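A quick write-up on the structure given underneath.
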Amino acid sequence: MTEAMQRDMRSRTEPLIHAVRAHEHGAKGWSFSGIAARMNRLYDQLNNDFFMGKLPKALISIGPDLIMRYGYYQVGRDGIGAKHRIHLNSRHFGRSESDVGVTLLHEMIHVYQHLFGHVGHRHRYHNREFVDIAGTLGFESQVGSGVTKQVSGWLRTKLDQLGFSAFDKMIPDQQAKPIKKPLRKVMWKCICGQEAWVEKGECLDAVCKICHSAFERPQELMDSKEEIDLAVATAA
Numbered sequence: 001m002t003e004a005m006q007r008d009m010r011s012r013t014e015p016l017i018h019a020v021r022a023h024e025h026g027a028k029g030w031s032f033s034g035i036a037a038r039m040n041r042l043y044d045q046l047n048n049d050f051f052m053g054k055l056p057k058a059l060i061s062i063g064p065d066l067i068m069r070y071g072y073y074q075v076g077r078d079g080i081g082a083k084h085r086i087h088l089n090s091r092h093f094g095r096s097e098s099d100v101g102v103t104l105l106h107e108m109i110h111v112y113q114h115l116f117g118h119v120g121h122r123h124r125y126h127n128r129e130f131v132d133i134a135g136t137l138g139f140e141s142q143v144g145s146g147v148t149k150q151v152s153g154w155l156r157t158k159l160d161q162l163g164f165s166a167f168d169k170m171i172p173d174q175q176a177k178p179i180k181k182p183l184r185k186v187m188w189k190c191i192c193g194q195e196a197w198v199e200k201g202e203c204l205d206a207v208c209k210i211c212h213s214a215f216e217r218p219q220e221l222m223d224s225k226e227e228i229d230l231a232v233a234t235a236a
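Numbering-wise (the UniProt record's numbering), the sequence shown opens with residue 1 and increments by one.
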């Protein structure tokens with residue numbers, strides 16, 4: 001992408017984003033109004049300092065989500081038509097302000113990848129490119145899962161300078177909740193077509209009450225690609 005195209009991208013922040021930001025900051029009775037204002041400011045600061053201002057402003061939404069992830073980046077138009085949405089899971093606001101800041105930076109890398117990087121035809125964002133970018137920005141991540149393994153001292157200092165403490169919780173009276181691993185289950189069937197879902201790696205020793213045949217793993221579903229993630233998200 002040429003520099004001219006990048007300049008054009010910066011100028012194409014959607015008017016919707018400005019409207020949502022203004023609404024969030026002034027929303028009376030919304031407990032996350034102050035946090036939303038802080039996260040929007042942090043996005044702009046990190047964009048300028050780490051991404052040379054190349055990223056368009058994203059819609060940052062806040063609210064409870066699946067317990068197994070800290071946040072996510074949504075690609076493409078969302079329910080209100082925004083192109084770029086970063087969601088922060090309020091169920092994990094018992095973590096430090098700095099940790100939530102790292103989560104925002106994590107998702108901003110995904111915005112960068114979507115616009116300027118390489119994610120492959122399967123949209124695998126937690127690839128080697130992601131890990132390399134994360135490393136240059138101060139935190140160590142893992143290929144595949146994207147789990148943050150370690151945050152550097154200089155990134156902690158940077159976030160502290162921007163008002164995000166490593167010692168103060170995002171919500172003071174909230175307890176930090178551990179990330180739970182995604183639950184992967186596979187399907188077993190009986191002759192009459194009844195289904196039972198069993199955790200991956202476990203065997204099902206059961207008989208159908210209707211046809212009295214044993215549940216078996218269908219041959220056509222033995223390929224791991226057919227397994228269903230009941231919770232496909234991972235820690236971000």
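Don't be surprised by glycine CBs; every beta carbon is placed ideally from N, CA and C. Note that this is a predicted model, so its numbers are computed, not measured.
Indicate whether at least one CB of chain B lies closer than 7 Å to the CB of residue i.
i: residue 134; result: Of the protein chains in this structure there is only one, and it is not chain B.
Between the C-alpha atoms of residue i and residue j, what's the straight-line distance to the nearest angstrom?
i: residue 31; j: residue 112; result: 30 Å
i: residue 17; j: residue 59; result: 6 Å
i: residue 138; j: residue 213; result: 56 Å
i: residue 100; j: residue 41; result: 14 Å
i: residue 171; j: residue 203; result: 43 Å
i: residue 160; j: residue 75; result: 30 Å
i: residue 141; j: residue 68; result: 16 Å
i: residue 14; j: residue 153; result: 35 Å
i: residue 27; j: residue 87; result: 18 Å
i: residue 143; j: residue 66; result: 21 Å
i: residue 33; j: residue 62; result: 9 Å
i: residue 125; j: residue 211; result: 45 Å
i: residue 95; j: residue 54; result: 29 Å
i: residue 93; j: residue 194; result: 42 Å
i: residue 57; j: residue 84; result: 8 Å
i: residue 145; j: residue 208; result: 37 Å
i: residue 115; j: residue 77; result: 14 Å
i: residue 215; j: residue 119; result: 39 Å
i: residue 190; j: residue 199; result: 17 Å
i: residue 49; j: residue 197; result: 48 Å
i: residue 109; j: residue 168; result: 25 Å
i: residue 217; j: residue 98; result: 46 Å
i: residue 107; j: residue 64; result: 17 Å
i: residue 82; j: residue 12; result: 12 Å
i: residue 47; j: residue 188; result: 48 Å
i: residue 158; j: residue 37; result: 19 Å
i: residue 44; j: residue 166; result: 20 Å
i: residue 39; j: residue 162; result: 11 Å
i: residue 136; j: residue 105; result: 12 Å
i: residue 117; j: residue 174; result: 36 Å
Mark residue i as exposed unless 16 or more other C-beta atoms lie within 10 angstroms of its C-beta, in which case mark it buried.
i: residue 52; result: exposed
i: residue 23; result: exposed
i: residue 90; result: buried
i: residue 149; result: exposed
i: residue 20; result: buried
i: residue 192; result: exposed
i: residue 156; result: buried
i: residue 35; result: buried
i: residue 103; result: buried
i: residue 176; result: exposed
i: residue 134; result: buried
What residue range does the alpha helix (DSSP H) around residue i cover?
i: residue 105; result: 97-116
i: residue 50; result: 33-50
i: residue 154; result: 153-161
i: residue 196; result: Element bounds for residue 196: not the alpha helix (DSSP H) but the beta strand (DSSP E), 195-199.
i: residue 130; result: 128-137
i: residue 71; result: Looking at the DSSP string, residue 71 is not in any alpha helix (DSSP H); the run it does join, the beta strand (DSSP E), is 71-75.
i: residue 23; result: 15-26
I'd like the span of the beta strand (DSSP E) that includes residue i, first residue to last.
i: residue 60; result: 59-63
i: residue 215; result: No beta strand (DSSP E) contains residue 215, which DSSP labels as neither H nor E.
i: residue 87; result: 84-89
Between the segment 128-144 and the segment 63-78, do at least 3 Cβ pairs fall closer than 8 Å?
no
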